[in-house]
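In our numbering, the protein residues as written are 1 to 560.
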């Protein structure tokens, strides 16, 4: 099970319990048989909330409480929630502007004769574009509401746009969908996760989000195959026997044959969360487009690596089993002889970037080694698919450097916060993003940044950082579990803790490895994570616990 699937499975259990306990959803057990809706490309929610309208002679406090509860029912554009609003305000309120996720109860305070304030601690917000942002502070959120009497009944005459939901309700009526763009080389598909109402026109929302372009933080690091200005020419996407028919505006006509094939691949990847779509047909204003096959040039989505742990043991770098280590040809003994403190191998295993006490070295399969960054106190260096070695001093997050295969360093403009120690800086396998684990006076901060490059592919800057939910404890290490999920390793004072966080989604714990863990490495999803303990044992997750693999190593290396 991939990292994001496991994360959603954890939340799904909470949703199921909440549904049973609250009884907010029901299935009719009497009455006439009714014709259902036609099958669409959408993934329906398992839960339908049916909030009730205002109770006669309710106080302002109850109207407010019931109005917030009515935000669980998006049917007919939140028709029930609008019953709590005054005639002059009902149409002006924008329910879809945002969602605030509130795990506990809120406190209502009277601030005027006809005004109430509702305060609570939020864990996340969702904007109108479907971007999920975890809260990074425990400062309470305060929302103000005004009231007016209509026909002797209190109604809300002014309220903030958006709804307030608890986590279980949010997870049951919204669904996460990754919209995919390309890295500048068009070799990899890069996910940009969004959240949409489960019973909305999901396929149309996904396609529209794709055509509108990437999230702000990814802009400049990813590209789209669709010509600029391209939009849907029809209001909805139709699905016939598993094929989504996507009709585009005339802007799409300027796309080359290769671009059309990439457009189709981009859409098909973005529809991958919809089980009813298995193919995509493109047309322009009802005229079908001829789309060639990409063949060997098809982009990679969430590429996999060798399932065996890559370790340094007995003086060599190689793939390990319980009884032996198979050295990497041309690399194994050379890397082992460098007294490495970290190691990361390229996807084709032709290059390894090695952290040592004297700096970062680039080691080739021919046995050559090159010191690419001799600065003292570097965080473990990382490698991207284009061959750039990225390095940054632990005590200076602003001093990021990228060094090419020619050994020439390039200063990278950093957007990372000054004053925090860099524990881990890891480039994703698509080369468009990096995760950053910071030590902020003993507390963990987990960020993701886009990697910006010039027209020649030379790294130039980091994009604006996106902060993920901070794991508990002192930071130790972090890795990419897959292209959407980051795994972090922390020390809570009572032992080691592994946490998972989706980029653009929720976070969850992933168990406590025994012993003192020093390193975490990603493989092929959260079930393939591996942890190295101070005693040299390599552990892997099995169910809800961490088990010893039988492999003993001096160092656990990363495979790209």
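Idealized CB from N, CA, C, for every residue including glycine.
Small disclaimer: the values here were computed from a predicted structure and weren't measured.
- Shown here for residue 225: same chain residues with a beta carbon closer than 6 Å to its own, the five before and five after excluded, namely 259, 262, 263, 266 in chain order.
- Taking each of 526, 180, 490, 220 in turn and checking the Cα distance to residue 300, the smallest one comes out for 180.
- Note that the C-beta distance between residue 312 and residue 336 is below 7 Å.
- By the neighbour-count criterion, in which 16 or more other beta carbons inside 10 Å mark a residue as buried, residue 323 falls on the exposed side.
- Distance from the CA atom of residue 272 to the CA atom of residue 244, rounded to whole angstroms, is 12 Å.
- As computed with DSSP, residue 156 is found in a beta bridge with 85, 147.
- Relative to residue 56, the option among 152, 108, 458 whose CA is nearest is 152.
- A direct Cα-Cα distance of roughly 45 Å separates residue 214 from residue 113.
- If you check the CB distance, residue 237 and residue 198 do not come in under 7 Å.
- Contact between the segment 517–532 and the segment 484–502 is present: 3 or more CB-CB pairs across the two stretches fall below 8 Å.
- Contact annotation: residue 452 and residue 460 have beta-carbon atoms nearer than 7 Å.
- Taking a 10 Å sphere around the C-beta of residue 137, we find fewer than 16 other C-beta atoms and assign the residue as exposed.
- In the structure shown, residue 217 adopts helical secondary structure according to DSSP, grouped into three states.
- For residue 266, the enclosing alpha helix (DSSP H) starts and ends at 257–270.
- In the structure shown, residue 418 adopts coil according to DSSP, grouped into three states.
- Between the beta-carbon of residue 257 and that of residue 292 there is about 5 Å, and that keeps the pair under the 8 Å contact cut.
- Counting C-beta pairs closer than 8 Å gives fewer than three between the segment 368–383 and the segment 549–556, which falls short of the contact rule.
- Following the DSSP letters along the chain, one finds residue 318 inside the beta strand (DSSP E) bounded by residues 316–320.
- For the pair residue 555 and residue 116, the Cα-to-Cα distance works out to about 58 Å.
- For residue 227, the CB contacts under 7 Å within the same chain, skipping 5 residues up- and downstream, are 251, 252, 254, 255 in chain order.
- Under DSSP, residue 351 shares a beta bridge with 364.
- Note that the C-beta distance between residue 434 and residue 427 is below 7 Å.
- The beta carbons of residue 176 and residue 193 sit closer together than 7 Å.
- Classified as buried, residue 471 has 16 or more neighbouring CB atoms from the shown chains inside 10 Å of its CB.
- Inter-residue distance for residue 170 and residue 101 is about 7 Å (C-alpha atoms, whole angstroms).
- Take residue 204, set aside five residues on each side of it, and the residues of its chain with a beta-carbon closer than 8 Å to its own are 232, 235, 236, 237, in chain order.
- The beta carbon of residue 96 is closer than 7 Å to those of 128 in its chain, skipping five residues each way along the sequence.
- Assigned with DSSP and collapsed to three states, residue 170 falls in helix.
- When the Cα atoms are used, residue 480 and residue 105 turn out to be separated by approximately 34 Å.
- For residue 479, the enclosing beta strand (DSSP E) stretches over residues 474–480.
- Counting the other Cβ atoms within 10 Å of the Cβ of residue 547 gives fewer than 16, which makes it exposed.
- Non-local beta-carbon contacts of residue 165 in its own chain, meaning distances under 8 Å to residues more than five positions away in sequence, involve 71, 72, 99, 100, 101, 102, 173 in chain order.
- Within the same chain, and ignoring the five residues on either side of residue 379 in sequence, the residues whose Cβ sits closer than 6 Å to its Cβ are 392, 394, 422, 425.
- Excluding residues up to 5 positions away in sequence, 180, 269, 299, 301 lie with their Cβ nearer than 6 Å to the Cβ of residue 189 in the same chain.
- If you check the CB distance, residue 355 and residue 381 come in under 7 Å.
- If you draw a straight line from the Cα of residue 315 to the Cα of residue 326, it comes to about 12 Å.
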